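Worksheet: the structure to be examined is printed underneath.
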Amino acid sequence: MVEDESPLLIKRYASRRLYNTETSDYVTLENIAELIRNGREVQIVDLKSGDDVTRQYLLQIIAEHESRGENVLPINVLNDLVRSYMMPGGGFMPQFLQDSFELLRESQNKVLNNFEKLNPMVGISGFETIRAQQEAFIKVMTGGWSSADGASKFENNESSEEIKEIKQQLADLQKKLSKLS
28 MVEDESPLLI KRYASRRLYN TETSDYVTLE NIAELIRNGR EVQIVDLKSG
78 DDVTRQYLLQ IIAEHESRGE NVLPINVLND LVRSYMMPGG GFMPQFLQDS
128 FELLRESQNK VLNNFEKLNP MVGISGFETI RAQQEAFIKV MTGGWSSADG
178 ASKFENNESS EEIKEIKQQL ADLQKKLSKL S
């Protein structure tokens, strides 16, 4: 995952085309979504006015995924968001969401760091490949909500059987790798 301190600058031309200033080519909303999924922050600026239009495009990415049947946000969350902006003093919601996502990222980092410390395979050649596969697996299991750490906390009782099965599969893979070493 890329964690650059400065956001990638994307310029929006009058024709509404989006231009990646790092790679010097035009990009689509899906390209921007992929950059963000890979951990890159972006800033989209209207070239003519100089206005930051990042929020507008991020909302458009979410709306497009929703229109394709990908449930990005549950209905009750969408209702709560609309309600929060209609209520007096509803301005707390953006900060609450920001804090919640930060807490999620920190938790994910802790899980991966603890896994790495406790894993007896750390010294075995090829461990980095296995670790990358585990991070990709965790990202898939958390629906893409992963960050640099890649993990999430499973609290749903229905998924406990799945977790046991996954742990067993990981244990089997570790045994096979031990035999190869």
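Numbers given in my numbering equal positions in the sequence shown, counted from 1, plus 27. Built from N, CA and C at the ideal position, the CB exists for glycine as well. None of these values were measured; they are calculated from a predicted model.
Discussion item. With DSSP as the reference, identify every bridge partner of residue 52, one or two as the case may be.
Written reply: 47
Worksheet item: For the putative contact between residue 59 and residue 84, defined by C-beta atoms under 8 Å, what is the C-beta separation to the nearest angstrom?
Response: 7 Å
Fill in: Beta-carbon contacts of residue 37 that lie in its chain and below 8 Å, excluding the five residues immediately before and after
45, 46, 47, 48, 54, 59, 69, 70, 71 and 72
Worksheet item: When you compare only the Cα positions, how much space is there between residue 102 and residue 65?
Response: 26 Å
Discussion item. So, for residue 185: in the same chain, excluding its five sequence neighbours on each side, which residues have a beta-carbon less than 6 Å away from its beta-carbon?
Written reply: Confidence in residue 185 is poor, its pLDDT being 46 and thus under 50, which makes the residue's placement unreliable; the coordinate value appears in the next sentence. Cβ neighbours of residue 185 beyond the five flanking positions: none.
Worksheet item: Going by beta carbon distance, what residues of the same chain come within less than 8 Å of residue 192, once the five residues before and after it are set aside?
Response: none
Discussion item. Report the CB separation of residue 120 from residue 108 in whole angstroms; it is logged as a contact under 8 Å.
Written reply: 7 Å
Worksheet item: Hey, would you say the C-beta of residue 55 is under 7 Å away from at least one heavy atom of the ligand GTP?
Response: With respect to the ligand GTP, the structure shown offers nothing to examine, as it has no ligands at all.
Worksheet item: Who pairs with residue 70 in a beta bridge, going by DSSP?
Response: 36
Worksheet item: How would you call residue 31, buried or exposed, if buried means at least 16 neighbouring beta carbons within 10 angstroms?
Response: Model confidence at residue 31 stands at a pLDDT of 48, short of 50, so the residue's coordinates are unreliable and nothing is read from them.
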